[in-house]
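Below is one structure, written out as structure tokens; comments come after it.
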Amino acid sequence: MFDDKVILITGGTGSFGRQYTRTLLERYQPRKVIIFSRDELKQYEMQQQFNTPEMRYFIGDVRDKERIMQACNGVDYIIHAAALKQVPAAEYNPTECIRTNINGAENVIRAALAAGVQKVIALSTDKAACPVNLYGATKLASDKLFVAANNMAAGHTQFAVVRYGNVVGSRGSVVPFFKKLVAEGCEQIPITDAKMTRFWITLQRGVDFVLKNFSRMKGGEIFVPKIPSVRITDLAEAVAPGIPTAVTGIRPGEKLHETMCPRDDSHLTLAFPDHYVITPTIQMFRGTVRYEINALEEGGEPVPQGFSYNSGDNPHFLDIEDIRALHAQADI
């Protein structure tokens, strides 16, 4: 569906944007791939890797409504990946996080509507479910904006959200940090709490999930992949075998376990073979949408009342060897 199409990726110089671009160019023949981001150095570095004729690089910030409006001219599909994502930084700089993650989301929506974009998928996070930190709260607000945008589109533009957990080896993640400590000859690996768990997904699986959901979406869904969890103690042993851990305490805004499908949304949640869909809380003005059958004719079933998809009680945990194999697969 991406052949001869124009795709815009906001925050496109990040880990996800680079892998998404690589996958698009390997599997499809897009007319244009537009990388929209504010860091000229990262754009320069990305141009050295992706310099084919269909590539375009726009320096801009999603906070700048006029610039994102310009970038959306002629665009068919948008992947909105731009965000301020570091939890402690968001706690200490809340206004900056709000301006990018909420105001920026609104600007992307308005630009997509004005340009007549066909489909938009916004990337979210498990921290947006039952948020306890500023980052999660801004992403929850962003999710709500993108779902509600379907009622502004009169059926011409479809908006959906993809929510998933920690990405193996992404920039700023704990694994490269652990590896750096090991390379420096550390005597201990710092962990915040021995009981901590997280959802775990490879970058490529995240990219593939987003690609697939462009075909699945009807507009208004929050797509959640069924992925494994890891225990932080197992992760530390997998990356730094034999090195003892030292508990440092939970950082500002952190949870022990993450949630992707909250219990309070169980009446809205559908289970598909490899993913969940959280349907909108609001009525869609375009009429009744049957989310239990998606656009690919895949069928889902309502989850039991009170269901929660939580990293701590997830039925699928990776053991130490699984974690090592996943990291080898992700080449980190």
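If you read the sequence shown in this note's numbering, its first letter stands for residue -13, the second for the next number, and so on. Backbone N, C-alpha and C fix where the C-beta goes; we use that ideal spot for every residue, glycine too. Just so we're clear, the structure is a prediction, and the values are computed from it rather than from any experiment.
Its chain contains Ile268 as the residues whose beta carbon lies nearer than 7 Å to that of alanine 134, once the 5 sequence neighbours on both sides are disregarded; these appear in chain order. Between alanine 114 and valine 168, the gap from beta carbon to beta carbon reaches 7 Å or more. Valine 160 and alanine 100 have their C-alpha atoms spaced approximately 40 Å apart.
Minimum Cα-Cα distance from isoleucine 20 among the listed residues Glu12, Leu27, Arg13, Asn37 corresponds to Asn37. Excluding residues up to 5 positions away in sequence, Pro117 lie with their Cβ nearer than 7 Å to the Cβ of alanine 123 in the same chain. For lysine 130, the uninterrupted alpha helix (DSSP H) run begins and ends at 120 to 134, by DSSP. Restricting attention to Lys18, Glu26, Lys51, Thr255, the CA atom closest to the CA of valine 210 is found in Thr255. In the structure shown, glycine 285 adopts extended strand secondary structure according to DSSP, grouped into three states. Across the set Ala311, Asn87, Gln104, Arg217, the C-alpha of Arg217 shows the shortest separation from the C-alpha of aspartate 299. In the structure shown, the three-state DSSP call for arginine 96 is helix. Between the beta-carbon of leucine 189 and that of glutamine 5 there is about 5 Å, and that keeps the pair under the 8 Å contact cut.
Within the model, the alpha-carbon separation for methionine 138 versus glutamate 52 is close to 19 Å.
A residue is called buried once 16 or more other Cβ atoms fall within 10 Å of its Cβ, and arginine 184 is buried on that count. Residue range 215 to 217 is occupied by the beta strand (DSSP E) that includes valine 216. Contact annotation, glycine 151 with methionine 246: C-beta distance approximately 7 Å; criterion of less than 8 Å satisfied. Between the stretch 221 to 241 and the stretch 39 to 56, the count of C-beta pairs closer than 8 Å stays below three; the two stretches do not touch. Around aspartate 179, the same chain offers Ile218, Val233, Gly235, Ile236, Leu242 as residues with beta carbons nearer than 8 Å, after the five sequence neighbours per side are excluded.
A straight-line Cα-Cα distance of about 25 Å links asparagine 87 and lysine 212. The three-state reading of DSSP puts tyrosine 6 in helix, counting H, G and I together. Apart from the 5 residues on each side of it in sequence, arginine 96 sits with its Cβ closer than 8 Å to the Cβ of Lys51, Met55 in its chain, given in chain order.
Annotated three-state conformation of proline 80 is helix, per DSSP. For asparagine 79 and aspartate 250, the gap between their C-alpha atoms comes out near 29 Å. With respect to the C-alpha of lysine 130, the residue from Ile208, Glu284, Tyr295, Glu12 having the closest C-alpha is Ile208. For alanine 69, the closest C-alpha among the options Cys58, Gly60, Tyr63, Asn93 is that of Asn93. For lysine 105, the uninterrupted beta strand (DSSP E) run begins and ends at 105 to 111, by DSSP. Distance from the CA of glutamine 15 to the CA of isoleucine -7, rounded to the nearest whole angstrom, comes to 11 Å.
By the CB criterion at 7 Å, leucine 27 and alanine 67 fall outside the cutoff. For serine 23, the uninterrupted beta strand (DSSP E) segment begins and ends at 18 to 23. Residue environment: glycine -3 is assigned as buried (16 or more neighbouring CB atoms within 10 Å of its CB, all protein chains considered). In the three-state reduction of the DSSP assignment, phenylalanine 293 falls in the coil class. Valine 233 sits in a strand when the DSSP states are folded into three classes.
Glutamine 174 carries a coil assignment under DSSP once its states are collapsed to helix, strand and coil.
Boundaries cannot be given for glutamine 269, as no alpha helix (DSSP H) includes it and DSSP labels it neither H nor E. Counting of Cβ neighbours within 10 angstroms places glutamate 283 among the exposed residues, the total staying below 16. Around the CB of glutamate 244, 16 or more other CB atoms lie within 10 Å, so the residue is classed as buried.
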